[in-house]
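Chemist: Residue numbers (the working numbering): -13 to 75.
Structure, rendered in structure tokens:
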């Protein structure tokens, strides 16, 4: 059984990687994204490196900046845990 901490870490890793990939795809620097978000470049870097967990409001704003559905950042997360959780029902 996967612990709550493991689930949080796995979800954070998926989102972190997708944010990084989408920023590169859009040819934006971390500094540019940070400016759009109104945060420091260091804070944005912490999100991309997985040092800080990203809150939902920031994720929504990132999805707007990248012109990407928030669902894109969250896809596959449900499927990772749906089988495990369905066995608990």
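Glycine included, C-beta positions come from ideal geometry on N, C-alpha and C.
Unbroken alpha helix (DSSP H) runs of length 4 or more, entirely within the stretch 20 to 68: which are they?
Modeler: Along the length of the stretch 20 to 68, whole alpha helix (DSSP H) runs at least 4 residues long occupy 27 to 35, 42 to 51 and 56 to 60, reported in chain order.
Chemist: In or out: residue 12 buried (at least 16 other Cβ within 10 Å) or exposed?
Modeler: Residue 12 should be labelled exposed.
Chemist: So, at 8 Å on beta carbons, what are the nonlocal neighbours of residue 56 in its own chain, with the 5 sequence-adjacent residues on each side left out?
Modeler: 45, 46 and 49
Chemist: Below 8 Å on the Cβ atoms is my contact criterion, and I expect residue 9 with residue 19 to pass it. Report the Cβ-Cβ distance as a whole number of Å.
Modeler: Going by Cβ atoms, the distance from residue 9 to residue 19 rounds to 6 Å, so yes, they are a contact pair.
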